[in-house]
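Residue numbering for the sequence shown follows my numbering, starting at 95 and increasing by one per position.
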Amino acid sequence: MPEEPPTSSFEELDAKLKAARGKRPSKGSESDTRAQNGLGMALKIGVEFVSAVGVGVGIGVLLDYWLETKPWLMVVFFLLGSAAGFLNIFRTVSGYGYAAGYNANNADEKSARKRSE
95 MPEEPPTSSF EELDAKLKAA RGKRPSKGSE SDTRAQNGLG MALKIGVEFV
145 SAVGVGVGIG VLLDYWLETK PWLMVVFFLL GSAAGFLNIF RTVSGYGYAA
195 GYNANNADEK SARKRSE
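What follows is the structure in structure tokens.
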């Protein structure tokens, strides 16, 4: 008595996967993605600026306490922290990285030229 081959569980699994994929909502539109990228950029800029100013003020307060020069070093390091924060914002907005002489736009152009050669 020959045995009949069992129904392929892989075929059943494939049918279930296709049905589940059809029910899944599509990814957000391009404008939603751009809005999320913009929000991420804004949060990054805000956090970098606040942290740079906070580190500057913290260093200034510690040095003022240690050298007993209140509030002069705090003011100086507040200004230095603010300058560092604005430099971080400039680098982020203009596309510069943190490496010396690195520009993301130039790097993309150079890699495209190498591929075309």
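For glycine and all other residues, C-beta sits at the position ideal for the given N, C-alpha and C.
Closer than 8 Å to chain C by CB, residue i
i      : result
Thr163 : No chain C appears in the structure shown, which is made up of a single protein chain.
Exposure of residue i, with buried meaning 16 or more beta-carbon neighbours within 10 Å
i      : result
Ala177 : exposed
Met168 : buried
Rounded separation between residue i and residue j - CA only
i      : j      : result
Val151 : Leu174 : 9 Å
Ala114 : Gln130 : 27 Å
Leu137 : Asp158 : 31 Å
Arg185 : Gly132 : 16 Å
Tyr190 : Ile139 : 14 Å
Val149 : Leu156 : 11 Å
Leu181 : Phe104 : 57 Å
Asp108 : Ser102 : 10 Å
Glu97  : Gly116 : 36 Å
Thr127 : Val187 : 18 Å
Trp166 : Ser145 : 20 Å
Integer-rounded CB distance, given that residue j should sit under 8 Å from residue i
i      : j      : result
Gly179 : Val147 : 6 Å
Gly154 : Phe171 : 3 Å
Strand pairing of residue i, partner residues [DSSP]
i      : result
Tyr159 : According to DSSP, which records beta bridges pairwise, Tyr159 is partnered with nothing at all.
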